Each structure stands twice: as C-alpha cells, then as structure tokens.
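I have placed the structure first, in the form of structure tokens, so that the comments after it can refer back to it.
Number of protein chains: 2
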Amino acid sequence: MPGTLDEADQRLLNELIVTKRRVRRGDYLVRAGDKLEMFFLVKAGVFKSFVVGDAGDTQVTAFPMQGDLIGFDALDTGTHHTSIVALEDGDACAISYSDFERVARSSAAVQRRFMHLMSHELVNEQRMMLLLGTMRGEQRLSRFLIEQSARYLRLGYSPTEFVLRMTREDIGSFLGLKLETVSRLFSRFQQAGLIKIDQRSLKLLDIEALRQLSTQ
Amino acid sequence: MPGTLDEADQRLLNELIVTKRRVRRGDYLVRAGDKLEMFFLVKAGVFKSFVVGDAGDTQVTAFPMQGDLIGFDALDTGTHHTSIVALEDGDACAISYSDFERVARSSAAVQRRFMHLMSHELVNEQRMMLLLGTMRGEQRLSRFLIEQSARYLRLGYSPTEFVLRMTREDIGSFLGLKLETVSRLFSRFQQAGLIKIDQRSLKLLDIEALRQLSTQ
DNA sequence: CGCCAACTTGATGGCTGTCAAGTCAGGTGG
DNA sequence: CCACCTGACTTGACAGCCATCAAGTTGGCG
C-alpha cells in the first residue's frame with residue numbers, strides 16, 4: 001500500500017541508504033511524534049503502521065512489507081504522524097532524511113520518483129476511504145484478502161496460500177471492523193468454501209468469488 | 001483538506017499559472033480517467049472531489065476551497081483518479097503539468113513545497129481513515145463541523161456562521177453516512193442547542209461542546 | 001507443564017441503513 | 001407574476017449489520 005519500489009528505483013536510492021536495520025517482532029521503526037530523521041525501505045518482514053486519535057482509538061493505515069517505502073507523512077511537519085511496528089522479525093533500510101534532501105536537490109529522477117510514490121499512496125488511501133465509507137464487512141474483508149494475494153504475487157510468492165502476519169484485531173482496525181466481526185467473516189467465508197483458514201494460515205480457494213464479493 | 005497554500009507559496013507558483021478559469025455550479029474541473037494536464041489552485045468557490053468504486057458507489061474525499069491545490073493523485077499514473085466538480089460558481093487557476101515539471105526541476109523550493117503539500121494531504125487522509133474506521137455518526141459530524149469552522153476562520157470568514165455549500169448527501173458520503181442520518185444528526189445537534197441550522201445556513205452555538213463530542 | 005494472548009462462537013442490543021411519506025425552497029415556463 | 005415541478009430536506013417506522021459482552025477453546029512461549 002505505501003509507495004512500492006521496483007528494482008530500478010532501488011538502485012536509484014542505493015546511494016541514500018545509510019544503515020540496514022534488523023528488527024524483531026514488536027520493535028518500532030517509528031513512533032508518532034518522532035522527528036523525521038529517516039525514511040525506511042522495508043527489506044523483509046511485515047509491519048503495521050497506525051495512527052492514534054484524540055480519543056485514543058487507533059486506526060491501522062497500512063501493512064508495509066518488502067519494497068515499501070514509509071515515512072512520507074512526516075514530510076509535512078517534520079514529525080511522524082504514524083507509528084510503525086514490526087509484526088515479525090525483519091529488515092529495513094534507513095534512509096537519512098538530510099541525505100534524501102541533498103540528493104533530491106540534484107537529482108530530478110529521485111524527486112520525481114518520490115512524488116510518484118507519494119501520489120500512489122494518496123490514491124491508495126482514497127481507495128481505503130471508499131472501502132471504509134461505503135462497503136460492508138463482507139466486501140471489506142474480501143477486498144483485503146484479494147489485495148494481500150496480489151501483494152504476495154508481486155513479490156513472487158504464492159497468491160493463494162500465505163500466512164497472515166497480523167492479528168484479527170489488526171485486520172479489524174485496518175478495515176474498520178471489530179475483531180469478532182473479522183473472525184465471524186472468516187468462518188463464514190470458510191463455510192462457503194471460499195477460503196481455508198487455520199489460525200493465520202490462509203488458502204484462497206475461490207478468488208473469483210472473493211473478487212465478486214468485493215465488488216458487490 | 002487538500003494541500004493548502006499560503007501567500008508566499010502562491011507567489012512561488014505565480015509563474016506556473018497559465019489560465020484562470022471561471023466555473024459554474026456543476027462544472028467539472030477534472031473527471032476520473034482524464035489525463036493529467038493541469039493541477040488546479042482554487043481561487044473562489046467550494047468544490048467536491050470524489051472517487052467511484054468498482055461497484056459504482058462513490059466516496060467524497062474532500063471539499064476543496066480557496067487556497068487548495070488539487071490533482072496530486074494523478075502524478076502516480078498520469079491519470080486522475082478523482083473527479084472534481086464545483087458546488088457553486090467559482091474560480092480556479094490551472095497549472096500546466098509540464099510547466100510544473102520544468103520549474104520543479106530547477107527550483108528546489110517548488111519541489112519541496114509540492115512534496116510538503118502532498119505529505120499534508122496524506123496526513124489528512126489518514127485522519128479521515130481514522131474517522132471512517134473508528135468513529136460513530138455523532139463524532140463524525142461534529143468533527144466535520146469543527147473542521148469547516150477552522151477552514152473558514154483561516155480564510156478570514158466567521159468560524160461560527162457560514163453556509164454549507166454541499167448537500168446532506170455529499171456530507172454523508174464524505175463521512176460514510178447516509179443523508180438521512182446526517183439530517184437526523186443535524187436535528188439532534190440543534191435540539192441540544194449546539195447549532196442552529198436552517199437548510200444550509202449554519203450557526204455554531206457551542207463549539208466547545210462540539211469539540212468534546214468529536215473526541216469522545 | 002502452565003500461563004496468556006489470540007481466536008471462536010453465542011446472545012443481545014444499538015446505531016445506522018432502508019423504505020416511505022410528506023414538507024420546503026428555488027427555478028422554470030406559461 | 002404565479003403555478004408548477006423538481007431536487008433537497010425532514011421525520012417516522014422498521015430491519016439488519018455490526019458492536020458489545022461473555023464464555024470457552026486453542027496454540028505458543030517461557
């Protein structure tokens with residue numbers, strides 16, 4: 001969902017990369033309120049980014065994974081608005097913000113690429129707003145599954161069989177549902193023969209049906 | 001909500017402005033699917049930008065008004081993903097995309113400013129996701145009113161008395177509610193003495209109470 | 001082996017959507 | 001200038017989806 005880089009982009013950014021950071025499950029890459037010092041490019045593992053409202057309620061905004069570049073929201077004020085935590089052990093490359101600024105000044109390609117990535121994220125968030133504002137639970141969850149499938153496919157993994165790295169509560173927060181609703185929907189999908197789910201191991205049995213559900 | 005420019009920014013962009021365009025209520029600045037040729041800077045009037053899903057349902061994503069720069073979502077693919085329509089007569093400055101690219105290449109200030117504006121929009125959309133994902137009708141509408149108030153204040157208008165330019169349905173779509181729910185909430189707010197509303201003429205009688213409602 | 005977080009499933013209630021009817025305001029045409 | 005018409009709005013009745021509360025199960029980790 002966040003800006004995703006292809007290989008050419010990653011080469012482009014090679015000179016920006018300062019440190020590779022190994023993270024363990026539960027480690028925070030960024031906490032809301034932190035000063036912008038680094039962007040991060042996810043190399044391995046699945047993360048969760050979320051915002052916290054005045055009332056203390058949280059909304060998961062994305063599940064960044066391999067190839068995703070994160071931290072754009074901090075460009076605005078120089079302060080991060082989202083927190084980013086690792087859902088499993090992984091790696092992330094830190095890109096120094098000041099390095100980025102310096103390189104962007106001289107490289108039109110870098111600035112262009114960053115703007116495109118940000119624009120892409122804008123579009124994604126608009127799609128999320130559509131989901132949250134107009135769809136019902138069934139559609140939301142089926143869209144989520146299809147999207148996860150597409151992401152794993154793009155990374156060269158099986159699009160029909162993968163392990164969810166987030167809890168039901170995380171999924172619920174992402175989709176604007178409660179964890180019980182997510183659990184019930186999974187059960188219903190399984191009963192309908194659309195998926196096979198055991199804890200977090202997931203098989204998509206009928207993607208076409210899921211796709212239809214998601215666009216109804 | 002979209003990237004908002006202060007006066008210094010606007011001077012910065014002066015050389016980019018190609019044409020000033022007068023629009024009438026109902027005119028489209030942009031239709032989803034259009035090629036990116038122009039950004040628009042709103043000079044007068046209130047607009048509505050929205051996305052349309054596969055199922056045909058629409059989600060209002062913003063109500064751009066004076067000082068707002070719109071069209072960022074098109075940088076990604078070169079194609080607009082949102083449609084933008086005027087809710088009342090107004091003016092918008094068109095900024096040619098190719099001009100922008102040329103100027104951005106030479107002016108670090110311009111590119112920086114654009115990135116900041118996009119980042120700001122990202123943060124706004126994340127806040128919207130929080131609203132749509134976690135809040136109930138009462139909170140959503142009170143937040144909407146407070147935000148409208150703040151925007152009019154920033155433009156030098158009364159923050160407590162203004163005219164809504166959008167229909168109940170538009171508000172509902174923006175907030176993920178149905179128009180009847182919006183109407184009922186307005187009535188309830190009025191009965192509680194928080195607002196005075198007659199058609200689209202609105203007075204905020206107790207902003208503090210509204211603020212509390214929105215953060216509960 | 002035991003504990004705890006994660007998950008599932010059931011019962012119940014409430015918020016909001018849906019359907020419906022009626023009012024109101026503004027614009028158009030006669 | 002007025003009547004009409006249409007879109008916007010309000011309000012009511014009802015239903016359904018999802019949240020909430022609760023209890024029990026499972027699996028992983030120390």
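Residue numbers (the working numbering), protein chains in the order written: chain F, 1 to 216; chain E, 1 to 216. The beta carbon of each residue, even a glycine, is placed where N, CA and C say it ideally should be. For clarity, every value in this text was computed on a predicted model and none was experimentally measured.
CB contact below 8 Å: residue i versus chain F
i, result
"phenylalanine 47(E)", "no"
"glutamate 121(E)", "yes"
"isoleucine 171(E)", "no"
"glutamine 212(E)", "no"
"leucine 16(E)", "no"
"glycine 137(E)", "no"
"leucine 29(E)", "no"
"phenylalanine 243(E)", "Only positions 1 to 216 of chain E appear in this structure, which leaves residue 243(E) out of reach."
"valine 23(E)", "no"
"aspartate 73(E)", "yes"
"methionine 115(E)", "yes"
"leucine 194(E)", "no"
"glutamine 199(E)", "no"
"glutamine 290(E)", "Any answer about residue 290(E) is impossible in this case: the structure gives chain E only from 1 up to 216."
"valine 42(E)", "no"
"valine 103(E)", "no"
"glycine 33(E)", "no"
"glycine 176(E)", "yes"
Which listed residue (the options) has its alpha carbon closest to that of residue i
i, options, result
"arginine 113(E)", "Asp76(F), Met129(F), Leu141(F) and Leu153(F)", "Asp76(F)"
"serine 158(E)", "Ile146(E), Glu169(E) and Thr58(E)", "Ile146(E)"
"lysine 48(F)", "Asp89(F), Met135(F) and Lys35(F)", "Asp89(F)"
"threonine 61(F)", "Ile195(F), Val51(F) and Leu69(F)", "Val51(F)"
"alanine 32(F)", "Arg21(F), Ala55(F), Phe72(F) and His80(F)", "His80(F)"
"arginine 136(E)", "Tyr97(E), Asp198(E), Leu87(E) and Gly172(E)", "Gly172(E)"
"lysine 43(E)", "Thr58(E), Asp27(E), Arg21(E) and Arg25(E)", "Arg21(E)"
"leucine 69(E)", "Ala108(E), Thr58(E) and Leu16(E)", "Leu16(E)"
"alanine 92(F)", "Ala109(F), Phe72(F) and Leu29(F)", "Leu29(F)"
"valine 163(E)", "Phe40(E), Leu202(E), Ser107(E) and Glu208(E)", "Leu202(E)"
"serine 142(E)", "Glu208(E), Arg154(E), Gly56(E) and Asp198(E)", "Glu208(E)"
"threonine 160(E)", "Gln216(E), Ile197(E) and Ser98(E)", "Ile197(E)"
"glycine 26(F)", "Asp54(F), Pro64(F), Val85(F) and Phe39(F)", "Val85(F)"
"methionine 166(E)", "Leu87(E), Leu122(E) and Glu138(E)", "Leu87(E)"
"phenylalanine 63(E)", "Val182(E), Ser83(E), Ala74(E) and Asp54(E)", "Ser83(E)"
"alanine 192(E)", "Asp206(E), Leu131(E), Glu180(E) and Ser96(E)", "Asp206(E)"
"leucine 117(F)", "Gly133(F), Tyr152(F), Gly71(F) and Gln139(F)", "Gly71(F)"
"alanine 55(F)", "Leu177(E), Leu131(E), Ser106(E) and Asp170(E)", "Leu131(E)"
"arginine 24(E)", "Val18(E), Ile195(E), Lys35(E) and Gly45(E)", "Gly45(E)"
"serine 98(F)", "Arg140(F), Phe144(F) and Met38(F)", "Met38(F)"
"glutamate 101(F)", "Ala94(E), Arg102(E) and Met115(E)", "Met115(E)"
Residue(s) in a DSSP beta bridge with residue i
i, result
"leucine 202(E)", "Phe162(E) and Ile197(E)"
"valine 23(F)", "Gly90(F)"
Neighbour flag for residue i against chain E, beta carbons, 8 Å
i, result
"threonine 181(F)", "no"
"serine 263(F)", "Since the first and last residues shown for chain F are 1 and 216, residue 263(F) lies out of range."
"glycine 67(F)", "no"
"glutamine 148(F)", "no"
"alanine 108(F)", "yes"
"phenylalanine 39(F)", "no"
"methionine 1(F)", "At methionine 1(F) the pLDDT is 42, less than 50, meaning the model places this residue with poor confidence; the figure from the coordinates comes in the next sentence. It does not: the Cβ of methionine 1(F) has no partner Cβ on chain E nearer than 8 Å."
"glutamate 125(F)", "yes"
"methionine 128(F)", "yes"
"valine 85(F)", "no"
"leucine 132(F)", "yes"
"serine 55(F)", "It is alanine, not serine, that sits at residue 55(F) in the sequence shown. It does: the Cβ of alanine 55(F) has a partner Cβ on chain E nearer than 8 Å."
"aspartate 76(F)", "yes"
"methionine 166(F)", "no"
"valine 163(F)", "no"
Limits of the alpha helix (DSSP H) - the one that residue i falls within
i, result
"leucine 210(F)", "207 to 214"
"tyrosine 152(E)", "137 to 154"
"leucine 16(E)", "Counting along the chain, leucine 16(E) falls outside any alpha helix (DSSP H), and DSSP gives it neither H nor E."
"glycine 172(E)", "168 to 175"
First through last residue of the beta strand (DSSP E) which encompasses residue i
i, result
"valine 182(E)", "Looking at the DSSP string, valine 182(E) is not in any beta strand (DSSP E); the run it does join, the alpha helix (DSSP H), is 179 to 191."
"leucine 41(E)", "38 to 44"
"lysine 48(F)", "47 to 52"
"tyrosine 28(E)", "28 to 30"
Any non-hydrogen atom of the ligand MN closer than 7 Å to residue i Cβ
i, result
"serine 158(F)", "The ligand MN is absent from the structure shown, which contains no ligand whatsoever."
Next item on the list: Counting only runs of 3+ residues fully inside the stretch 54 to 111 of chain E, write out the beta strand (DSSP E) ranges in chain order.
Entry: 58 to 62, 68 to 70, 83 to 86 and 90 to 96
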